[in-house]
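Engineer:
In my numbering, the protein residues as written are 6 to 264.
1) Comparing alpha-carbon positions, which option in 229, 35, 257 and 197 lies nearest residue 133?
2) Is the separation between the beta-carbon of residue 73 and that of residue 49 shorter than 8 Å?
3) Using a threshold of 8 Å, state whether the C-beta atoms of residue 238 and residue 103 are closer than that.
4) To which residues does DSSP link residue 232 through a beta bridge?
5) When burial is assigned at 16 or more other CB atoms within 10 Å of the CB, is residue 79 buried or exposed?
6) Whose C-beta lies closer than 8 Å to the C-beta of residue 94 among residues of the same chain, with five residues either side of it excluded?
7) May I have the straight-line CA-CA distance separating residue 215 from residue 235, to the nearest angstrom?
8) Just checking: is the beta-carbon of residue 93 within a distance shorter than 8 Å of some beta-carbon in chain E?
9) Going along the chain, which unbroken runs of the beta strand (DSSP E) with 3 or more residues stay wholly within the segment 60-107?
10) Please report the straight-line C-alpha distance between residue 105 and residue 167, rounded to a whole angstrom.
11) Going by beta carbon distance, what residues of the same chain come within less than 6 Å of residue 144, once the five residues before and after it are set aside?
12) Report the rounded CA-to-CA distance for residue 256 versus residue 120, giving the unit in angstroms.
13) Go ahead and pull the three-state DSSP assignment for residue 147.
14) Which of helix, strand or coil does DSSP assign to residue 109?
15) Candidates 56, 115 and 84: which alpha carbon is nearest residue 101's?
16) Along the chain, where does the beta strand (DSSP E) that runs through residue 211 open and close?
17) Is the segment 52-64 close to the segment 202-212, with three or more CB pairs under 8 Å?
18) Report buried or exposed for residue 171, applying the criterion of at least 16 other Cβ atoms within 10 angstroms of its Cβ.
19) With a threshold of 16 other CB atoms inside 10 Å of the CB of residue 211, please say whether the residue is buried or exposed.
20) Hey, residue 262 and residue 77: beta-carbon distance below 8 Å or not?
21) Compare the beta carbon distance of residue 96 and residue 260 with 8 Å and say whether it is the shorter of the two.
22) Using DSSP's beta-bridge definition, name the partner residues of residue 247.
23) Residues in the same chain with beta-carbon distance under 6 Å from residue 251, minus the five sequence neighbours each way, listed in chain order, please.
24) Taking Cβ to Cβ, would you say residue 128 is nearer than 8 Å to residue 206?
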């Protein structure tokens, strides 16, 4: 994985300047500036893995992305590395934060399942291909991105066959807009996508919310049939679970306090 080398950051007045409420001024303006800084990540995510390779960086790991963002606002971490879409949601709600223009890493999301479950993998890949070809996946993306967000809500067709029974999806509902809670209901891009997959395949979707780093163990043990949580199909994860084809792309970004 890429490491970032920029040398020691020169001491300057800016390094000790404080913003309101005693929060340190931002010192991270690019990926190179992450060396020797304190970085907030969500435990077990791709951001966690990638940030661990930054030279001299101190990692602060949180169970929820929003907790990492709160630590950034409080000055407890210098930056947060997280996926672009949840970063956009957090920044929209916090006008004292911003996303750096430089992407930290590109990634593709996929659906995890038990290593030996090639039959389910083939079923899901077939459904994803159909949903891409008929435009359903793009409509779901459009409902959560860009100017048309909220205008193409996915609804299941009338009379869908559910004869194959229940498909259990393990997720972490702390990752808007892919999965989050509205009252007691889990909603988001991944929920709509998996409902569309189940509509194609004849399953009823059941969603189990858990910590992100519990998802792969739940799939391995059979507690869940699939793991869907904005999960990147990394080589390390492929040693423990089987992945579907990619259903969307994203990127890891760096969130900092505004100067």
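Glycine included, C-beta positions come from ideal geometry on N, C-alpha and C. This one's a predicted model, so the numbers in the text were calculated from it and none came from an experiment.
Structural biologist: Taking the structure as given:
1) Taking the chain shown and counting its residues from 1, one reaches residue 133 at position 128. Distance check between residue 133 and each of 229, 35, 257 and 197 places 197 closest, using alpha-carbon atoms only.
2) Translated into positions along the chain shown, residue 73 becomes position 68. Translated into positions along the chain shown, residue 49 becomes position 44. The criterion of a C-beta distance shorter than 8 Å is not satisfied by residue 73 and residue 49.
3) For the purposes of this step, residue 238 is identified with residue 233 of the chain shown, where counting begins at 1. For the purposes of this step, residue 103 is identified with residue 98 of the chain shown, where counting begins at 1. No.
4) In the chain shown, counting from the first residue as 1, residue 232 sits at position 227. Partner(s): 117 and 175.
5) Against the chain shown, residue 79 aligns to sequence position 74. Residue 79 counts as exposed, since fewer than 16 other beta carbons sit within 10 angstroms of its beta carbon.
6) Position 89 of the chain shown, counted from the first residue, corresponds to residue 94. 181 and 182.
7) Position 210 of the chain shown holds residue 215. Position 230 of the chain shown holds residue 235. Here the alpha carbon of residue 215 sits roughly 14 Å from the alpha carbon of residue 235.
8) No chain E is part of this structure, which consists of one protein chain only.
9) Look at the segment 60-107 and you find these whole runs of beta strand (DSSP E), each 3 residues long or longer: 63-67, 84-88 and 102-104.
10) Here residue 105 is taken as the residue at index 100 of the chain shown, counted from 1. Here residue 167 is taken as the residue at index 162 of the chain shown, counted from 1. Their Cα atoms are separated by approximately 45 Å.
11) Indexing the chain shown from 1 puts residue 144 at position 139. The residues are 157.
12) As a first step, residue 256 must be located in the chain shown, where it is residue number 251. As a first step, residue 120 must be located in the chain shown, where it is residue number 115. Their Cα atoms are separated by approximately 26 Å.
13) The count along the chain shown starts at 1 and reaches residue 147 at position 142. Three-state result, residue 147: helix.
14) By one-based count along the chain shown, residue 109 stands at place 104. In the structure shown, residue 109 adopts coil according to DSSP, grouped into three states.
15) Along the chain shown, read from residue 1 onward, the residue named residue 101 stands at position 96. Of the candidates 56, 115 and 84, the one whose C-alpha sits nearest the C-alpha of residue 101 is 84.
16) Here the question's residue 211 lines up with position 206 in the chain shown. 209-214 is the extent of the beta strand (DSSP E) around residue 211.
17) Touching, no, given that fewer than three Cβ pairs across the two stretches are closer than 8 Å.
18) Sequence index remark: in the chain shown, residue 171 carries index 166 (1-based). Label assigned to residue 171: exposed.
19) Taking the first residue of the chain shown as 1, we reach residue 211 at position 206. Counting of Cβ neighbours within 10 angstroms places residue 211 among the exposed residues, the total staying below 16.
20) Locating residue 262 in the chain shown gives position 257, counting from the first residue. Locating residue 77 in the chain shown gives position 72, counting from the first residue. Yes, these two residues count as a Cβ contact at 8 Å.
21) For the purposes of this step, residue 96 is identified with residue 91 of the chain shown, where counting begins at 1. For the purposes of this step, residue 260 is identified with residue 255 of the chain shown, where counting begins at 1. Between residue 96 and residue 260, the CB-CB gap stays under 8 Å.
22) Indexing the chain shown from 1 puts residue 247 at position 242. Beta-bridge pairing links residue 247 to 118.
23) The residue labelled residue 251 in the question sits at position 246 within the chain shown. Excluding residues within five positions, the ones whose Cβ falls inside 6 Å are 113 and 115.
24) Sequence index remark: in the chain shown, residue 128 carries index 123 (1-based). Sequence index remark: in the chain shown, residue 206 carries index 201 (1-based). Against a cut-off of 8 Å, the Cβ pair of residue 206 and residue 128 comes out as a contact.
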